[in-house]
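2 protein chains.
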Amino acid sequence: MLFTTLTLAAARQKLAERLCPLPCEEVPLAEALGRVLSGPVQAREDVPGFDRATMDGFAVRAADTFGASEGLPAYLRVTGEVLMGQAPNGRVGPGEAWRIPTGGMLPEGADAVVMVEHTEEVSSDMVAVLRPVAPEENVVRRGDDVRAGAVILPAGRRLRPQDIGLLAACGVARVSVAKRPVVGIIGTGDEIVGIEATPAPGQVRDVNTPALAAAVCAAGGVPVVFGVVRDELSALEEVLSEALAAAEMVLLTGGSSVGVRDLTLRAVAALPGAEVLFHGLAVKPGKPTVGAVVNGRLVVGLPGHPVSALVVFEFLVRPLLEPERIDRVPLKVRLGRSLRSAPGREDYFRARLVVENGVLVAEPILGKSGLIATLSEAEGLIRLPLDVAGAEAGEMVDFFLL
Amino acid sequence: MLFTTLTLAAARQKLAERLCPLPCEEVPLAEALGRVLSGPVQAREDVPGFDRATMDGFAVRAADTFGASEGLPAYLRVTGEVLMGQAPNGRVGPGEAWRIPTGGMLPEGADAVVMVEHTEEVSSDMVAVLRPVAPEENVVRRGDDVRAGAVILPAGRRLRPQDIGLLAACGVARVSVAKRPVVGIIGTGDEIVGIEATPAPGQVRDVNTPALAAAVCAAGGVPVVFGVVRDELSALEEVLSEALAAAEMVLLTGGSSVGVRDLTLRAVAALPGAEVLFHGLAVKPGKPTVGAVVNGRLVVGLPGHPVSALVVFEFLVRPLLEPERIDRVPLKVRLGRSLRSAPGREDYFRARLVVENGVLVAEPILGKSGLIATLSEAEGLIRLPLDVAGAEAGEMVDFFLL
């Protein structure tokens with residue numbers, strides 16, 4: 041078996057190429073937040089369906105107000121009033137004006153609205169306009185928000201509150217979205233006991249499966265935990281097959297020792313149709329990561345150290361679950377103290393984020409990658425790229441919130 | 041009634057001062073992601089509970105390796121092997137070494153681990169150490185991750201995957217968290233019809249209540265929609281009372297016209313025990329916002345224009361639901377085109393975020409605040425502060441992802 045070490049970006053790419061599209065399901069709009077559109081959504085009609093006032097005032101013919109001023113107002117006859125939610129029962133003729141509330145439907149004939157603040161009521165049926173308005177001023181035209189037939193949201197959009205609002209405006213009460221990806225999680229390790237257990241000497245509690253399950257949830261997936269398996273090939277093969285039958289993607293974790301790493305790799309490779317895509321990442325922490333595909337389903341063997349497992353999840357697995365995420369653009373922050381790294385490897389450092397003189401400063405937290413408390417203390421991760429040997433205090437570096 | 045216009049920050053502060061603490065509930069760790077700790081969590085025991093190897097290799101007394109080199113190795117007798125998950129049944133004496141896997145428990149007598157890569161097996165019971173190790177090298181000491189009695193997470197922490205991992209490591213299977221705040225949402229407006237309806241001329245569909253419900257969900261709250269109420273004082277008072285009985289906070293929306301704004305204010309002010317905190321914000325969009333407190337529960341009257349309502353939600357309401365959020369530190373991005381604003385008012389502009397030559401550039405999307413499509417097109421909002429009259433293309437400005 042050829043062992044291929046890849047950069048994080050290359051490994052992500054290799055896995056992404058093998059991702060199968062998720063099946064669709066229809067959900068009511070009220071449950072669509074955070075879901076991913078399975079296809080583009082088209083508007084069936086203009087929104088708004090009519091010209092609307094955006095201010096309280098008077099619907100007028102703009103030309104009737106040209107040249108108006110406080111000294112020489114334009115006097116218009118008030119011949120009607122627009123009621124909210126109703127079509128006006130008449131039209132605005134030359135020299136005429138209708139009272140109109142914000143959101144009211146512009147009567148025929150009118151092409152602008154004069155704000156009430158720029159008028160003076162001379163009598164119950166006469167208004168003085170003190171400033172001119174241009175055509176379309178204080179008016180939203182029919183279809184200004186959305187044109188009938190337009191694609192309002194593209195396929196692949198993860199729906200935010202404002203997208204829900206737009207769909208509501210267009211009368212889309214149910215949407216077709218991708219099913220949430222089911223992600224199987226398998227822990228391994230003879231030394232691992234459950235959260236509720238009291239570890240005997242030599243034993244530790246399971247950190248990775250609960251942390252990864254939470255990370256999968258946070259990425260919009262559905263975690264299914266298959267428990268912690270003994271370090272034994274046949275047991276691992278069995279659970280792995282079970283997980284692959286139930287999940288779109290399977291994460292294995294634990295087994296940081298050489299022997300156990302081999303076990304993971306052997307168990308994956310032994311499955312019918314398995315193809316190992318890489319074995320080893322040029323990243324610290326996270327080197328002992330395995331990527332494979334088995335009959336169209338991805339298997340990622342994550343490192344056993346909790347910090348390593350979560351860092352690799354964040355930059356390798358999460359982008360596969362949320363391919364549309366645009367906010368992985370790093371923050372640029374000032375480095376609080378100098379850091380060394382090895383060229384040829386991407387380095388991630390846990391860090392606290394503090395504000396000093398209005399500038400974001402990342403203060404590295406040093407500590408072995410087995411120490412989960414160091415990641416919990418961190419607001420995120422500093423990244424030093426492949427091609428540098430370190431960064432000096434005061435330099436601007438990439439930072440990712442966790 | 042005195043009408044007080046406040047800055048966004050002052051209004052937020054005034055509301056925050058009147059927030060009542062939420063009651064607690066206990067949830068299993070697997071459901072604790074995104075929840076807020078109601079009190080600090082203390083560790084009951086050391087984690088790990090014993091000294092552990094962080095590398096595969098040999099547990100040794102560091103002093104036995106001092107001066108070792110490839111030319112002149114230190115020869116140690118292999119007198120045992122540590123098995124994963126088990127306490128070693130013996131000790132490492134002077135001149136001795138035990139095989140140990142990553143994560144294995146360090147035998148008594150040993151104080152360091154030599155990586156297997158820095159050794160050579162001379163025979164089955166003799167190993168040559170090719171490099172010296174310092175005491176504690178490749179070892180995590182008992183309690184290095186967490187000390188018994190230490191506060192591992194503070195009150196008010198919103199739990200992330202790494203926090204879940206830390207709680208798991210410490211055997212915290214259930215956590216006490218603040219209940220999710222229930223937020224009542226009331227729409228108003230005679231022109232508003234439901235999502236599924238076909239609007240008649242003069243009518244539009246309800247955008248704000250579905251969008252705000254989604255925004256409340258995204259902020260960890262539980263939205264309860266009380267429907268859309270006609271523009272009528274008694275109807276509004278009735279629904280408002282009902283909502284206040286059921287929710288920690290009530291959002292009213294709609295009613296952008298002067299008459300209807302007054303209606304909202306009158307309905308709120310008419311409630312027994314109501315105190316109006318402000319009426320009007322020095323922010324655009326979002327000026328016609330009302331803040332009040334009624335018997336310890338907050339009422340916020342949001343503007344009726346969908347963009348305005350969501351902008352005010354984001355910067356006034358959301359921080360009340362997520363007071364611990366640290367990532368509202370704005371991104372600093374380059375402005376794509378010049379913008380004007382009015383001094384004495386904070387201005388928010390919808391914008392697309394694009395990457396040009398590796399730099400984030402915010403391209404403003406212009407459009408009236410009634411147009412929800414413009415907010416759906418945007419990746420977020422540019423902020424121009426109170427005291428400026430605009431910003432030039434190319435300047436660095438504050439940007440908030442939405």
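Top line first, the protein sequences correspond to chains Z and H.
Quick note on the numbering used here: the first sequence kicks off at 41 and runs consecutively.
Quick note on the numbering used here: the second sequence kicks off at 41 and runs consecutively.
Every residue gets a Cβ at the ideal spot worked out from N, C-alpha and C, and that includes glycine.
Chain H residues whose Cβ lies nearer than 9 Å to that of residue i
i, result
"residue 327 of chain Z", "Residues of chain H passing the Cβ test: none, with the nearest at roughly 12 Å."
"residue 350 of chain Z", "201, 202, 205"
"residue 69 of chain Z", "235, 250, 254"
Within chain H, the residues that residue i reaches when beta carbons sit closer than 7 Å
i, result
"residue 243 of chain Z", "125"
"residue 90 of chain Z", "241, 242"
Contacts of residue i in chain Z (Cβ-Cβ under 9 Å)
i, result
"residue 443 of chain H", "As displayed, chain H neither begins before 41 nor continues past 442, which places residue 443 of chain H out of reach and without an answer."
DSSP state of residue i mapped onto helix, strand, coil
i, result
"residue 443 of chain Z", "Examination of residue 443 of chain Z is not possible in this model, given that chain Z is present from 41 through 442 alone."
"residue 146 of chain H", "coil"
"residue 130 of chain H", "coil"
"residue 434 of chain H", "coil"
"residue 78 of chain H", "coil"
"residue 245 of chain H", "strand"
"residue 443 of chain H", "As displayed, chain H neither begins before 41 nor continues past 442, which places residue 443 of chain H out of reach and without an answer."
"residue 312 of chain Z", "coil"
"residue 193 of chain Z", "strand"
"residue 163 of chain Z", "strand"
"residue 415 of chain H", "helix"
Neighbourhood of residue i by C-beta, 7 Å cutoff - its chain only, sequence neighbours within 5 removed
i, result
"residue 85 of chain Z", "188"
"residue 107 of chain Z", "172"
"residue 104 of chain Z", "114, 116, 134, 135"
Interface residues of chain H facing residue i [CB-CB closer than 8 Å]
i, result
"residue 408 of chain Z", "94, 180, 184"
"residue 251 of chain Z", "201, 202, 204, 205, 208"
Closer than 7 Å to chain Z by CB, residue i
i, result
"residue 177 of chain H", "no"
"residue 415 of chain H", "yes"
"residue 346 of chain H", "yes"
"residue 236 of chain H", "yes"
"residue 254 of chain H", "yes"
"residue 66 of chain H", "no"
Within-7 Å CB hit, residue i to chain H
i, result
"residue 194 of chain Z", "no"
"residue 143 of chain Z", "yes"
"residue 231 of chain Z", "yes"
"residue 41 of chain Z", "Low per-residue confidence applies at residue 41 of chain Z: pLDDT is 48, beneath 50, and the placement is therefore not dependable, though the value from the model is reported in the following sentence. Chain H contact via Cβ: absent."
Spatial distance of residue i from residue j (CA atoms)
i, j, result
"residue 230 of chain H", "residue 264 of chain H", "21 Å"
"residue 250 of chain Z", "residue 154 of chain H", "32 Å"
"residue 404 of chain H", "residue 431 of chain H", "12 Å"
"residue 47 of chain Z", "residue 238 of chain Z", "39 Å"
"residue 193 of chain H", "residue 370 of chain Z", "26 Å"
"residue 195 of chain H", "residue 286 of chain H", "26 Å"
"residue 283 of chain Z", "residue 71 of chain H", "22 Å"
"residue 357 of chain Z", "residue 52 of chain Z", "8 Å"
"residue 400 of chain H", "residue 191 of chain H", "39 Å"
"residue 44 of chain H", "residue 225 of chain Z", "55 Å"
"residue 258 of chain Z", "residue 201 of chain H", "8 Å"
"residue 380 of chain H", "residue 411 of chain H", "20 Å"
"residue 336 of chain Z", "residue 308 of chain Z", "13 Å"
"residue 41 of chain Z", "residue 207 of chain Z", "Because the pLDDT of residue 41 of chain Z is 48, which lies under 50, any placement of that residue in the model is unreliable, and the question is left without a value."
7 Å Cβ cut-off: residues of chain Z touching residue i
i, result
"residue 412 of chain H", "185, 202, 205, 206, 209"
"residue 257 of chain H", "73"
"residue 247 of chain H", "205, 208, 209"
"residue 213 of chain H", "235, 236"
"residue 400 of chain H", "369"
Nonlocal neighbours in the same chain, by C-beta distance under 8 Å from residue i, ignoring five residues either side
i, result
"residue 281 of chain Z", "311"
"residue 235 of chain Z", "245, 246, 250"
"residue 124 of chain Z", "141, 143, 144"
"residue 275 of chain H", "269"
"residue 304 of chain H", "228, 276, 292, 295, 330, 341"
Other residues of its chain near residue i: CB distance less than 6 Å, five sequence neighbours each side excluded
i, result
"residue 54 of chain Z", "317"
"residue 385 of chain H", "322, 324"
Listed by chain order, chain Z residues near residue i by CB distance under 8 Å
i, result
"residue 77 of chain H", "Going along chain Z, no residue has its Cβ under 8 Å from residue 77 of chain H, so there is no contact; the nearest lies around 12 Å."
"residue 271 of chain H", "124"
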